[in-house]
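Peer 1:
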Amino acid sequence: MNPKLKNKITESLSAVLPITALVFIISVLLVELEVGPMVMFITGSVMLIFGMGMFQLGAEMAMSPIGEGIGVQVSKSKSIILITVISLLMGILITVAEPDLQVLSNQVPAIPNMTLILTVALGVGIFLTLAVLRIIFKINLSYLLMGLYGILLVFSFFIPKDFIAVAFDSGGVTTGPITVPFIMAMGVGLSAIRSDKDAASDSFGLVALSSIGPILAVLILGFFYKPGSGEYSPVVLAEVETMRDVFLAFASQIPHYAKEVFISLIPIAAMSVIFQLISHRWQKLQKLRITVGFGYTYIGLVLFLCGVNIGFAPVGSMLGSDLAASSGRWMLIPLGMLIGYYIVKAEPAIQILNKQVQTVTNGAISAKAMNRSLSIGVAASICLAMLRIITGIPIRAIIIPGYVIALVLSLFVPKIFVGIAFDSGGVASGPMTSTFLLPLCIGACTALGGDIMTDAFGVVALVALTPLIAIQIMGVHYRIKQNAISRDVIADNMIPDDIDDIVEIEED
Numbered sequence: 004m005n006p007k008l009k010n011k012i013t014e015s016l017s018a019v020l021p022i023t024a025l026v027f028i029i030s031v032l033l034v035e036l037e038v039g040p041m042v043m044f045i046t047g048s049v050m051l052i053f054g055m056g057m058f059q060l061g062a063e064m065a066m067s068p069i070g071e072g073i074g075v076q077v078s079k080s081k082s083i084i085l086i087t088v089i090s091l092l093m094g095i096l097i098t099v100a101e102p103d104l105q106v107l108s109n110q111v112p113a114i115p116n117m118t119l120i121l122t123v124a125l126g127v128g129i130f131l132t133l134a135v136l137r138i139i140f141k142i143n144l145s146y147l148l149m150g151l152y153g154i155l156l157v158f159s160f161f162i163p164k165d166f167i168a169v170a171f172d173s174g175g176v177t178t179g180p181i182t183v184p185f186i187m188a189m190g191v192g193l194s195a196i197r198s199d200k201d202a203a204s205d206s207f208g209l210v211a212l213s214s215i216g217p218i219l220a221v222l223i224l225g226f227f228y229k230p231g232s233g234e235y236s237p238v239v240l241a242e243v244e245t246m247r248d249v250f251l252a253f254a255s256q257i258p259h260y261a262k263e264v265f266i267s268l269i270p271i272a273a274m275s276v277i278f279q280l281i282s283h284r285w286q287k288l289q290k291l292r293i294t295v296g297f298g299y300t301y302i303g304l305v306l307f308l309c310g311v312n313i314g315f316a317p318v319g320s321m322l323g324s325d326l327a328a329s330s331g332r333w334m335l336i337p338l339g340m341l342i343g344y345y346i347v348k349a350e351p352a353i354q355i356l357n358k359q360v361q362t363v364t365n366g367a368i369s370a371k372a373m374n375r376s377l378s379i380g381v382a383a384s385i386c387l388a389m390l391r392i393i394t395g396i397p398i399r400a401i402i403i404p405g406y407v408i409a410l411v412l413s414l415f416v417p418k419i420f421v422g423i424a425f426d427s428g429g430v431a432s433g434p435m436t437s438t439f440l441l442p443l444c445i446g447a448c449t450a451l452g453g454d455i456m457t458d459a460f461g462v463v464a465l466v467a468l469t470p471l472i473a474i475q476i477m478g479v480h481y482r483i484k485q486n487a488i489s490r491d492v493i494a495d496n497m498i499p500d501d502i503d504d505i506v507e508i509e510e511d
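Remember, my numbering sits 3 above the position in the sequence shown when you count from 1.
1. Can you tell me the Cα-Cα spacing of ARG332 and ALA188, whole angstroms?
2. What does a CB cutoff of less than 6 Å around LYS418 pick up in its chain, not counting 5 residues either side in sequence?
3. With 16 as the cutoff for other CB atoms within 10 Å, does SER173 come out buried or exposed?
4. Inspect the beta-carbon positions of ALA62 and ALA349 and report whether they are closer than 8 Å.
5. Taking just the CA atoms, how far does LEU341 sit from ILE392?
6. If contacts are defined as beta-carbon pairs under 8 Å, then ALA447 and SER329 qualify, I think. What distance do you get, rounded to the angstrom?
7. Can the beta-carbon of LEU25 be found closer than 8 Å to that of TYR345?
8. Does the region 349-367 come close enough to the region 424-441 to have 3 or more Cβ pairs within less than 8 Å?
9. Put ALA18 into one of helix, strand or coil per three-state DSSP.
10. Give the secondary structure of THR245 by DSSP, where H, G and I count as helix, E and B as strand, and everything else as coil.
11. Between SER376, ILE52, CYS309 and LEU212, which has its C-alpha nearest ILE186's C-alpha?
12. Please return the same chain residues whose Cβ sits closer than 6 Å to the Cβ of ILE505, not counting the five positions on each side in sequence.
13. With DSSP collapsed to three states, give me the class of GLU101.
14. Give, in chain order, every unbroken run of the alpha helix (DSSP H) that is at least 4 residues long and sits entirely within the region 413-490.
15. So, is VAL360 buried or exposed, given that buried needs 16 or more other C-beta atoms within 10 angstroms?
16. Hey, how far is the Cα of LEU291 from the Cα of PHE297?
17. Could you give the C-beta distance for VAL264 and VAL305, rounded to a whole number, given that I count them as a contact under 8 Å?
18. With distances taken between CB atoms, is the gap from ILE403 to LEU156 smaller than 8 Å?
19. I'd like the list of long-range same chain contacts for GLY405, defined as Cβ closer than 6 Å, with 5 residues on each side in sequence excluded.
20. Can you give me the C-alpha to C-alpha distance between ILE101 and ALA487, rounded to a whole angstrom?
21. Near PRO217, which residues of its chain fall below 7 Å by C-beta distance, leaving aside the five closest residues on each side in sequence?
22. Would you mind stating whether VAL421 and SER145 have Cβ atoms separated by less than 8 Å?
23. Do you know offhand how far PRO21's Cα is from ILE28's?
24. Give me the Cα-Cα distance between ILE313 and ILE162, rounded to the nearest whole angstrom.
25. If we call anything under 8 Å between Cβ atoms a contact, is VAL221 one with VAL183?
26. Closer than 6 Å by C-beta to SER232: which residues in its own chain qualify, once you throw out the five before and the five after it? Chain order, please.
27. DSSP three-state call for TRP285: helix, strand or coil?
28. Taking all protein chains shown into account, decide if ASN5 is buried (16 or more other Cβ within 10 angstroms of its Cβ) or exposed.
29. What did DSSP end up calling TYR228 once you bin it into helix, strand or coil?
30. Going by beta carbon distance, what residues of the same chain come within less than 6 Å of LEU96, once the five residues before and after it are set aside?
31. Runs of 4 residues minimum, wholly inside the region 31-99: which ones carry the alpha helix (DSSP H) assignment?
32. Between the C-alpha atoms of MET117 and VAL99, what's the straight-line distance to the nearest angstrom?
33. So, with DSSP's three-state summary, where would you put GLY233?
34. From the DSSP output, in three-state form, read off ALA367 for me.
35. Is ILE281 buried or exposed, if buried means 16 or more other CB atoms sit within 10 Å of its CB?
36. What does a CB cutoff of less than 6 Å around GLN76 pick up in its chain, not counting 5 residues either side in sequence?
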């Protein structure tokens with residue numbers, strides 16, 4: 004086995020094993036989960052482990068070089084019109100291909116799937132263009148985010164309340180496994196040719212702004228489409244009695260996901276070919292490496308999506324329903340927090356973000372610290388999601404104060420933490436959220452007799468919100484620590500007369 008692939012699979016195993024063990028413990032102690040569903044869940048876990056490992060290696064070999072190369076070439080261009088057109092087209096094409104968006108579009112009533120998909124894609128395209136121009140013109144990210152989120156929160160008061168959760172969820176699902184590696188690498192490429200002190204911090208923020216576009220676009224769509232009372236079609240777990248049944252349950256769905264991922268990767272492959280024909284950036288070995296990387300990405304995503312959709316999602320819905328139907332419904336909150344804490348580590352794009360952060364900051368912000376902060380943030384978001392399901396708290400009551408806190412914090416933390424925090428919100432709300440946590444919440448909401456559109460939907464939005472606060476709190480701690488180190492260095496380098504002078508000034 005390729006040593007790098009072996010290493011990636013080992014990392015995936017360490018990320019997926021805790022959530023698998025947790026579900027197994029819950030099924031033994033709290034929920035009477037039958038052997039069949041548990042075997043399906045474990046099989047899905049194995050596919051997820053291998054799929055995530057192959058995807059990460061593929062993204063490293065193909066997506067990152069392509070995104071970074073396009074970012075470098077775009078930033079060298081002197082034509083703002085050309086930069087705008089390229090960024091807009093890339094944002095639209097990549098978003099239309101995002102598998103997570105297909106999942107969300109199937110659940111929203113009264114709006115044709117393609118209408119919602121094109122609306123979200125246009126939002127991403129426009130805001131990716133804005134993000135690119137921000138890096139080129141060195142616009143302050145904090146001020147830009149404050150203005151844009153202010154507009155979002157104002158808009159939310161003028162659309163139907165059962166549309167708000169879907170709008171904010173759309174911002175999370177669009178930054179999934181296809182979009183994130185490409186956009187993040189593009190940010191690195193855009194800032195690579197700059198030599199100023201803010202170049203590293205400006206390499207982050209593209210995912211953050213690209214996540215705002217879909218929310219605003221869907222909110223505007225809410226003025227024209229009123230969601231109906233369409234029924235949610237729950238994911239159904241295949242009935243299995245033998246291991247052959249388990250094999251057939253997964254094997255029968257692999258062609259579907261193979262086609263879906265193939266269609267998803269076509270736009271990126273086409274863009275890379277056109278880019279190479281124009282720029283001649285890559286040599287023969289580099290082209291071969293990128294081609295192999297596409298192969299790893301393709302196989303990895305097929306295994307990953309098949310595993311989580313066939314093995315994970317149905318079990319998530321069953322656990323949520325059974326826990327809510329029991330007398331200990333309040334157990335949903337601590338159990339949801341535990342699941343949230345561990346499940347974020349299994350998001351394929353999270354590891355890519357964390358490693359890029361560690362690389363760009365030369366280890367000053369470690370992948371371990373990022374993992375810990377994101378896990379705490381997502382645990383808090385699932386706590387809030389379960390609390391909403393049980394009590395019926397409107398999502399606006401959480402979203403508005405949450406974003407106000409996040410935006411205020413952005414004024415007090417180092418610039419690089421602002422971009423990382425708002426990028427991490429989009430990255431954390433990936434396929435594991437939409438295929439396990441969302442069914443978990445929907446199952447609990449259905450069992451409690453709640454309104455799915457207002458109470459269950461919104462979990463993706465909350466998962467995208469809390470990392471913004473968690474990462475920036477880490478930034479506050481980082482700034483305090485750096486200031487303390489600076490004071491110690493100054494004190495160590497001062498001669499006694501200097502210290503006496505300072506003491507006399509302070510006494511005066």
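No residue lacks a Cβ here, since even glycine has one placed at the ideal position from N, Cα and C.
Peer 2: Concretely, from the data shown:
1. A direct Cα-to-Cα measurement between ARG332 and ALA188 gives close to 43 Å.
2. Within the same chain, Cβ atoms closer than 6 Å to the Cβ of LYS418 are found at SER204, the five residues on either side in sequence being excluded.
3. The residue is buried, with at least 16 neighbouring Cβ atoms inside 10 Å.
4. Contact: no.
5. In this model, ILE392 and LEU341 are separated by some 17 Å (Cα to Cα).
6. In this structure ALA447 is not in contact with SER329, their Cβ atoms being roughly 11 Å apart against a cut-off of 8 Å.
7. Yes, Cβ-Cβ distance for LEU25 and TYR345 is below 8 Å.
8. Taking 8 Å as the limit for Cβ pairs, the verdict is that the region 424-441 does touch the region 349-367.
9. Looking at ALA18 - three-state DSSP - the assignment turns out to be helix.
10. Assigned with DSSP and collapsed to three states, THR245 falls in coil, not helix or strand.
11. Proximity to ILE186 across SER376, ILE52, CYS309 and LEU212 peaks at LEU212, based on C-alpha coordinates.
12. Annotation note: pLDDT 38 at ILE505 (below 50); position unreliable, coordinate value reported separately. So the list is empty, once near-sequence residues are dropped.
13. DSSP places GLU101 in coil when its eight states are reduced to three.
14. Whole alpha helix (DSSP H) segments, 4+ residues: 418-431 and 441-450.
15. With 16 or more other Cβ atoms within 10 Å, it is buried.
16. Here the alpha carbons of PHE297 and LEU291 stand approximately 10 Å from one another.
17. Going by Cβ atoms, the distance from VAL264 to VAL305 rounds to 5 Å, so yes, they are a contact pair.
18. Closer than 8 Å, so yes.
19. In chain order, LEU468 place their CB closer than 6 Å to the CB of GLY405, counting only its own chain and leaving out the 5 sequence neighbours on each side.
20. Residue identity check: residue 101 is Glu in the sequence provided, not Ile. If I take the Cα positions, the gap works out to 44 Å.
21. Non-local beta-carbon contacts of PRO217 in its own chain, meaning distances under 7 Å to residues more than five positions away in sequence, involve VAL123, GLY126, VAL127, SER173, GLY174 and THR177 in chain order.
22. Yes. Within cutoff.
23. Going by the C-alpha atoms only, they are around 11 Å apart.
24. Cα to Cα, the separation comes out at about 35 Å.
25. No, they are not a contact pair.
26. Because SER232 carries a pLDDT of 48, less than 50, the predicted location of this residue cannot be relied on, and no value is offered for it.
27. Taken through DSSP and simplified to helix, strand or coil, TRP285 comes out as coil.
28. With fewer than 16 Cβ atoms within 10 Å of its Cβ, ASN5 is classed as exposed.
29. DSSP places TYR228 in coil when its eight states are reduced to three.
30. Excluding residues up to 5 positions away in sequence, PRO270 lie with their Cβ nearer than 6 Å to the Cβ of LEU96 in the same chain.
31. Listed in chain order, they are 38-61, 67-79 and 83-99.
32. In this structure, the alpha-carbon of MET117 lies about 9 Å from that of VAL99.
33. Legend: pLDDT at GLY233 = 49, less than 50; position of this residue unreliable, no value from coordinates given.
34. Looking at ALA367 - three-state DSSP - the assignment turns out to be coil, as it is neither helix nor strand.
35. By the Cβ-count criterion, ILE281 is exposed, with fewer than 16 other Cβ atoms from all chains shown falling within 10 Å of its own Cβ.
36. If you ignore the 5 residues before and after GLN76, its C-beta comes within less than 6 Å of the C-beta of SER282, all in its own chain and listed in chain order.
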